[in-house]
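Colleague: Numbering (this note's numbering), first residue to last: -18 to 160.
Idealized CB from N, CA, C, for every residue including glycine.
Since the model is a prediction, treat every value here as computed from it, not as a measurement.
Shown below is the structure under consideration.
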């Protein structure tokens, strides 16, 4: 990962990827906030990289080797990747985040919001527009004022709109969120 270079921002899911993880990365990448996570990529040619995450209200460093889970039979990475064999930043980032949380499969249990906080150190406030207590906020057109106040403050904010889709009846697919 080189923030001064054009890097591959194509984010692809592998068969066992966490969609919430990839969505959080996709949220932070355009603003450049993802860059603070990459602590040491200078030693990638020596077989390791170092990341930092804001877990439990403090920055924690995670060192991972550069070996990645890959299926020879399927000829693809098993987890998230950038879609190119010469660009590995997403796969290594997911590996580090999985290590921080115990293992890859634990990422599926984390919320999109928790992943955003762990990667950005930003505070998170939710405004659920469909909730009855927020109906007046939407109908009176004060929502823009609330958002403007957040964006004008000195602390960093990320504005995200979430549209949750319901589980299809008769489908084995879980409820997902499009972020």
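1) Which residue comes first and which comes last in the beta strand (DSSP E) that contains residue 42?
2) Alpha carbon to alpha carbon, how far is residue 26 from residue 136? Give it in angstroms, no decimals.
3) Buried or exposed: where does residue -5 fall if 16 or more other Cβ atoms within 10 Å of its Cβ makes it buried?
4) Identify whether residue 21 lies in helix, strand or coil by the three-state DSSP scheme.
5) If distances are taken between C-alpha atoms only, which option among 63, 47 and 77 comes closest to residue 18?
6) Please list the terminal residues of the continuous alpha helix (DSSP H) segment that includes residue 117.
7) List the endpoints of the continuous beta strand (DSSP E) containing residue 36.
8) For residue 102, which residues in the same chain have their Cβ closer than 7 Å to its Cβ, ignoring the five residues on either side in sequence?
9) Which of the three DSSP states is assigned to residue 76 in this structure?
10) Here's a check: name, in chain order, each residue in its chain whose Cβ is nearer than 7 Å to the Cβ of residue 44, leaving out the five neighbours to either side.
11) Which stretch, first to last residue, makes up the alpha helix (DSSP H) that contains residue 106?
12) Between residue 49 and residue 61, which are expected to be in contact by the criterion C-beta below 8 Å, what is the C-beta distance as a whole number of angstroms?
13) Determine, using beta carbons only, whether residue 100 and residue -8 come nearer to each other than 9 Å.
14) Does residue 52 come out as helix, strand or coil in the three-state DSSP assignment?
15) If I measure Cβ to Cβ from residue 52 and keep anything under 7 Å in the same chain, skipping five residues before and after, which residues do I get?
16) Give me the residue from 46, 1, 5 and 0 with the minimum Cα distance to residue 21.
17) Suppose the cutoff is 8 Å on Cβ atoms and the five residues either side in sequence are ignored; what does the same chain contact list for residue 33 look like?
18) By the 10 Å Cβ neighbour count, where 16 or more other Cβ atoms means buried, how is residue 69 classified, buried or exposed?
Modeller: So, from the data block:
1) Here residue 42 corresponds to residue number 61 of the chain shown, with the count starting at 1. DSSP places residue 42 in the uninterrupted beta strand (DSSP E) bounded by 39 to 46.
2) By one-based count along the chain shown, residue 136 stands at place 155. By one-based count along the chain shown, residue 26 stands at place 45. Residue 136 and residue 26: Cα-Cα distance of roughly 36 Å.
3) Position 14 of the chain shown holds residue -5. Residue -5 sits buried, since 16 or more C-beta atoms from the chains shown fall within 10 Å of its C-beta.
4) As a working mapping, residue 21 is identified with position 40 in the chain shown. Residue 21 falls in the strand class under three-state DSSP.
5) As a position in the chain shown, residue 18 is number 37, starting the count at 1. Among 63, 47 and 77, the Cα nearest to that of residue 18 is on 77.
6) Residue mapping note: residue 117 aligns to position 136 of the chain shown, counting from 1. Segment 116 to 120, the alpha helix (DSSP H) holding residue 117.
7) Locating residue 36 in the chain shown gives position 55, counting from the first residue. Segment 29 to 36, the beta strand (DSSP E) holding residue 36.
8) Here residue 102 refers to the residue found at position 121 when the chain shown is read from its first residue. These residues qualify, in order along the chain: 35.
9) Translated into positions along the chain shown, residue 76 becomes position 95. Helix at residue 76.
10) Within the chain shown, the letter at position 63 stands for residue 44. Taken in chain order, the residues that qualify are 29 and 31.
11) In the chain shown, residue 106 corresponds to position 125, counting from 1. Segment: none, residue 106 is in no alpha helix (DSSP H) and carries neither H nor E.
12) The residue given as residue 49 occupies position 68 in the chain shown. The residue given as residue 61 occupies position 80 in the chain shown. The Cβ separation is near 10 Å, so there is no contact.
13) Within the chain shown, residue 100 is the residue found at index 119, counting from 1. Within the chain shown, residue -8 is the residue found at index 11, counting from 1. If you check the CB distance, residue 100 and residue -8 do not come in under 9 Å.
14) Taking the first residue of the chain shown as position 1, residue 52 is located at position 71. Strand.
15) The count along the chain shown starts at 1 and reaches residue 52 at position 71. Hits under 7 Å: 59.
16) For the purposes of this step, residue 21 is taken as the residue at position 40 of the chain shown. Comparing Cα-Cα distances from residue 21 to each of 46, 1, 5 and 0, the minimum goes to 46.
17) Here residue 33 refers to the residue found at position 52 of the chain shown. Cβ contact annotation for residue 33 (same chain, cutoff 8 Å, sequence separation greater than five): 17, 18, 20, 40, 41, 42 and 43, in chain order.
18) Counting from 1 along the chain shown, the entry for residue 69 is found at position 88. With 16 or more other Cβ atoms within 10 Å, it is buried.
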